Amino acid sequence: MATVVGNVRKNPLSVLRHQAASANIEPVMGWRKIFLNKWTLLILSITLLLSILIYKDFEPPLTMESEPTGITTELSSILLDSSVTYEQVRPVLERRCVVCHGCYDAPCQLKLSSNEGLQRGGTEELVYDYKRITPVQPTRLFVDARSTAQWRSRGFTSVLNEGGQQTAEENLKNSVLYRLLRLKQQHPQPDSDQLPDSFTLELNRKQTCPTLESVDRFSREHPLWGMPYAMPNLPQQEYRTLVSWLAQGAKAPAPAGPSITVLPQINQWENFLNQSSSKQRLVSRYLYEHLFHAHIHFAGSPVREFYRLVRSTTPSGQPIDEIPTV
672 MATVVGNVRK NPLSVLRHQA ASANIEPVMG WRKIFLNKWT LLILSITLLL SILIYKDFEP
732 PLTMESEPTG ITTELSSILL DSSVTYEQVR PVLERRCVVC HGCYDAPCQL KLSSNEGLQR
792 GGTEELVYDY KRITPVQPTR LFVDARSTAQ WRSRGFTSVL NEGGQQTAEE NLKNSVLYRL
852 LRLKQQHPQP DSDQLPDSFT LELNRKQTCP TLESVDRFSR EHPLWGMPYA MPNLPQQEYR
912 TLVSWLAQGA KAPAPAGPSI TVLPQINQWE NFLNQSSSKQ RLVSRYLYEH LFHAHIHFAG
972 SPVREFYRLV RSTTPSGQPI DEIPTV
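Residue 672 is where the sequence shown starts when you use the numbering used here, and the numbers rise one by one after that.
Structure follows, in structure tokens:
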């Protein structure tokens, strides 16, 4: 019968071996089972988990300054001497970025089809989530928030430098967009027929939206996930144009206004839609409910100039304060 001494259990084999040793017989090495109770296992598991978390929090960050070709090299060899405008950057964004970051449910909701979307930044919140059972507030650009500060209060984080210092070095160091572009230059797209399995391209893949605080860890864990993601590298000239624009502060273009040629048409339509009779109010509501999703083009306006029909708390002729339609 086995006997127990503390947490060490002696089985009959160990007793026989002890007796053989007392009889001057050469002892035989054997195994002894050690049993741990559930509380000991729990403490060991918690200790191991805390050790892993502490290591992850205090591991030395891989900063851009510690790399052989960091920001200093970029400032001296990559940046263009001349000023770069958004009009020069927009063709690069439209050709290489908007294919993924142009729609409402773009990755991380980072819309690069307009400067306002770039200023807004990104968020991990999904637009379409099949697991969601409660409604959420929509995040439509130009509609559901009117300023960058309002988007920050909605959980969007910047991909540009929003710090106090606006030097070229700080503009690059504090720009998530630059860090991801730079990551692609350091780890180019593999020249093979098939992408490595490390890329996640599924429609229901988990969102990965690095912030300024997490971009170092993201770079270590996913060195091939630079931008453009899972696509060939930017040509050197396009890369220089984008990086130079970011280093110069990512200056936004002046807000576009209506063309002079279409102002009479706009005034005519607003006067028609804002008549006070009950019949006209019913007609205006009917037209709005069928056109609020449309992009309206007026005759005589530039080819790429479109307008939206909106409801506003302010009368015609004053700045628009849109009433969002859900």
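Yeah, the Cβ is synthetic: ideal placement off N, Cα and C, and Gly gets one too. Please read these numbers as outputs of a predicted model, since none were measured by experiment.
Inset, instruction - Use the C-beta contact count for ILE705: other C-beta atoms within 10 angstroms, 16 or more gives buried, fewer gives exposed. - result: By 1-based counting over the sequence shown, the position of residue 705 is 34. With a pLDDT of only 47 at ILE705, under 50, the local geometry of the prediction cannot be trusted, and the value read off the model is given with reservation. Within 10 angstroms of the beta-carbon of ILE705 lie fewer than 16 other beta-carbons, which makes it exposed.
Legend entry - C-alpha distance - GLN808 paired with GLU795, whole-angstrom precision: Start at 1 with the first residue of the sequence shown, and residue 808 comes out as number 137. Start at 1 with the first residue of the sequence shown, and residue 795 comes out as number 124. Going by the C-alpha atoms only, they are around 14 Å apart.
Legend entry - Euclidean distance between Cα positions of ASP992 and PHE870: Within the sequence shown, numbered from 1, the residue matching residue 992 stands at position 321. Within the sequence shown, numbered from 1, the residue matching residue 870 stands at position 199. Rounded to whole angstroms, ASP992 to PHE870 spans 43 Å at the Cα level.
Inset, instruction - Note down the Cα distance separating GLU941 from ARG982, rounded to an integer number of angstroms. - result: The count along the sequence shown starts at 1 and reaches residue 941 at position 270. The count along the sequence shown starts at 1 and reaches residue 982 at position 311. When rounded, the distance between both Cα atoms is 11 Å.
Inset, instruction - Taking all protein chains shown into account, decide if GLY835 is buried (16 or more other Cβ within 10 angstroms of its Cβ) or exposed. - result: If you number the sequence shown from 1, residue 835 lands on position 164. Flag for GLY835 reads exposed.
Inset, instruction - Return the bridge partner residues of ILE967 from the DSSP annotation. - result: Against the sequence shown, residue 967 aligns to sequence position 296. In DSSP, ILE967 forms a bridge with TYR978.
Legend entry - Where ALA921 falls, given that 16 or more other Cβ within 10 Å makes a residue buried: Within the sequence shown, residue 921 is the residue found at index 250, counting from 1. By the 10 Å Cβ count, ALA921 comes out buried.
Legend entry - Check whether LEU851 and ILE742 have beta carbons under 8 Å apart: On the sequence shown, position 180 is the one that residue 851 refers to. On the sequence shown, position 71 is the one that residue 742 refers to. Contact flag unset, no.
Inset, instruction - Quick one: give me the first and last residue of the alpha helix (DSSP H) that ASN832 is part of. - result: On the sequence shown, residue 832 is found 161 positions in, with the first residue counted as 1. From DSSP, ASN832 is part of no alpha helix (DSSP H); its letter is neither H nor E.
Inset, instruction - Sort LEU721, LEU746, SER716 by Cα distance to ARG911 and report the nearest one. - result: Translated into positions along the sequence shown, residue 911 becomes position 240. Looking at the Cα atoms, LEU746 is the closest of the given residues.
Inset, instruction - Reducing DSSP to helix, strand and coil, say where GLY788 ends up. - result: Stepping through the sequence shown from its first residue, residue 788 is reached at position 117. GLY788: helix per DSSP, three-state reduction.
Legend entry - Short Cβ contact (8 Å threshold) for LEU999 with GLY897: Lying before the first or after the last residue shown, residue 999 is absent from the chain, which here runs from 672 to 997.
Inset, instruction - Could you spell out the range, first to last residue, of the alpha helix (DSSP H) harbouring LYS844? - result: Within the sequence shown, residue 844 is the residue found at index 173, counting from 1. For LYS844, the enclosing alpha helix (DSSP H) has its first and last residue at 839-844.
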